[in-house]
Amino acid sequence: MTTTVTISDGALAVGEARPCDGAGAWVSFEGIVRGDEAGRPISALVYETYEPMAQRVLTSLGEELASRHGLLAVHVEHSRGRVAVGGCSFRLSIASAHRKEALAAMDEFIDRMKRDAPIWKRPQWAVTPMSA
Amino acid sequence: MRIEVLLFGPERDAAGVDRVRVEIDGEPTCAALRAALGTGTPALLPVLRSARFAVNGRFADDAHRIGAGDEVALIGMVSGG
């Protein structure tokens, strides 16, 4: 079983991870920066991380879920710093023998990451032109 | 004992600084630190009840005893993803 966690500056590039041998399911989720926060337009989100704790929490979570759900691989990627609207800030890719365990682990991982991983985001509000 | 507490995100914005120093008289537990932070930095009061402490990068409960040289962070509501 493999767990990798990468925290890097800016928007995530196109994912390069691929399913490992033995995988019958490959589930990948990408979080994309939406153009608004609570209805107010934004230009970007700026992510702040407390490292190495964030790395440790995400790794531990991946390993725990891999063990409990019998996963083959968990790959976590998260941005730090500025990610413009439309950019990818989070990617979770899970390989397993069958789809059910990967889908269940995906949902649980994201819920627990949002509760426990020391990562914060701050909106950069879009500048709207002043009306004449 | 003097403890430096790292602040992030909304808690840093509320306090206006990225770290605060707190003097603890008596047993330096996370519970004592929580109380002292509320007194010394009232701007943090609204979040202190629900916020957690991390000691050396791991969440610590209120009974945890903080040692000299430990890295302590206040972790409020997080928002990754």
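Chains as they are written, first to last, in this note's numbering: chain A, 953 to 1084; chain B, 4 to 84.
We treat Cβ as the ideally placed atom computed from N, Cα and C, and that holds for glycine.
Beta-carbon proximity list for residue i, same chain, < 6 Å, skipping 5 on both sides
| i | result |
| --- | --- |
| glycine 23(B) | Glycine is not the amino acid found at residue 23(B); the sequence shown has valine there. For valine 23(B), where only same-chain residues beyond five positions count, the Cβ hits under 6 Å are Val8 and Thr44. |
| histidine 1086(A) | Here chain A covers residues 953 to 1084 and nothing more, so residue 1086(A) does not appear. |
| glutamate 982(A) | Cys1040 and Arg1043 |
| proline 971(A) | Trp978 and Ala1047 |
| alanine 63(B) | Cys33 and Phe56 |
| glycine 967(A) | Arg1043 |
| arginine 37(B) | Leu51 |
Status (buried if at least 16 other CB within 10 Å, exposed otherwise) for residue i
| i | result |
| --- | --- |
| arginine 18(B) | For the record, residue 18(B) in the displayed sequence is alanine; it is not arginine. Under this definition alanine 18(B) is a buried residue. |
| lysine 1073(A) | buried |
| threonine 955(A) | buried |
| serine 53(B) | exposed |
| alanine 1054(A) | buried |
| proline 31(B) | buried |
| serine 1045(A) | buried |
| alanine 71(B) | exposed |
| glycine 1069(A) | For the sequence presented, residue 1069(A) should be read as alanine rather than glycine. Buried is the call here. |
| methionine 953(A) | exposed |
Expected contact under 8 Å - CB spacing of residue i and residue j to nearest Å
| i | j | result |
| --- | --- | --- |
| leucine 1010(A) | methionine 1065(A) | 7 Å |
| tyrosine 999(A) | isoleucine 1071(A) | 6 Å |
| leucine 47(B) | valine 25(B) | Not quite, the Cβ-Cβ distance comes to about 11 Å (not below 8 Å), so this is no contact. |
| alanine 76(B) | phenylalanine 11(B) | 7 Å |
| alanine 1049(A) | alanine 975(A) | 7 Å |
Own chain partners of residue i with C-beta closer than 7 Å, once the 5 adjacent residues on each side are dropped
| i | result |
| --- | --- |
| alanine 1078(A) | Pro993, Ile994 and Ser995 |
| glycine 29(B) | Ala35 |
| aspartate 961(A) | Arg1032 and Gly1033 |
| glycine 987(A) | Pro993, Ile994 and Val1037 |
| tyrosine 1002(A) | Pro1070 |
| valine 1035(A) | Gly962, Ala963, Val985, Ala996, Leu997, Tyr999 and Ser1041 |
CB contact check: residue i to chain C, cutoff 8 Å
| i | result |
| --- | --- |
| arginine 1008(A) | The chain labelled as chain C is not found among the protein chains of the depicted structure, namely A and B. |
Chain-order list of residues whose beta-carbon lies under 8 Å from that of residue i (same chain, five-residue window excluded)
| i | result |
| --- | --- |
| leucine 1017(A) | Leu1023, Val1026, Ala1057, Glu1060 and Phe1061 |
| valine 20(B) | Leu10 |
| arginine 15(B) | Asp21 |
| glutamine 1007(A) | Val957 and Ile959 |
| proline 13(B) | Val50, Gly79 and Met80 |
Beta-bridge pairing of residue i - partner residues as DSSP gives them
| i | result |
| --- | --- |
| glutamate 1029(A) | Thr958(A) and Arg1043(A) |
| lysine 1073(A) | Tyr999(A) |
| alanine 990(A) | According to DSSP, which records beta bridges pairwise, alanine 990(A) is partnered with nothing at all. |
| arginine 101(B) | Outside the displayed range of chain B (4 to 84) lies residue 101(B), so it cannot be described from this structure. |
| glycine 983(A) | Phe1042(A) |
| serine 1048(A) | Ala977(A) |
| valine 8(B) | Val23(B) and Val75(B) |
| valine 1035(A) | Leu997(A) |
| threonine 32(B) | Arg68(B) |
| phenylalanine 85(B) | The structure shown does not extend to residue 85(B), since chain B spans only 4 to 84, so no value can be given for it. |
Proximity test, residue i beta-carbon vs the ligand MG heavy atom, cut-off 7 Å
| i | result |
| --- | --- |
| glycine 29(B) | Annotation note on the ligand MG: not contained in the displayed structure, which lists no ligands. |
**Prompt:** In chain order, what residues of the region 1055-1077 of chain A put their CB closer than 8 Å to some CB of chain B?
**Reply:** Ile1062, Met1065, Lys1066, Arg1067, Asp1068, Ala1069, Pro1070, Ile1071, Trp1072, Lys1073 and Arg1074
**Contacting positions in the region 960-982 of chain A - beta carbon closer than 8 Å to chain B** = none
**Contact set between the region 1015-1041 of chain A and chain B, restricted to residues whose Cβ is under 8 Å from the partner** = Residues His1030 and Ser1041.
**Prompt:** When Cβ atoms are compared, which residues of the region 980-1002 of chain A fall closer than 7 Å to chain B?
**Reply:** Gly983, Glu1000 and Tyr1002
**Prompt:** Name the residues in the region 59-84 of chain B whose C-beta lies less than 8 Å from a C-beta of chain A; which are they?
**Reply:** Gly60, Arg61, Phe62, Ala76, Ile78, Val81, Ser82, Gly83 and Gly84
**Prompt:** the region 18-34 of chain B: which residues have C-beta closer than 8 Å to a C-beta of chain A, in chain order?
**Reply:** Within the region 18-34 of chain B, no residue has a Cβ that lies closer than 8 Å to any Cβ of chain A.
**Message:** If the cut-off is 8 Å on Cβ atoms, which residues from the region 36-55 of chain B count as contacting chain A, listed in chain order?
**Reply:** From the region 36-55 of chain B, no residue has a Cβ closer than 8 Å to chain A.
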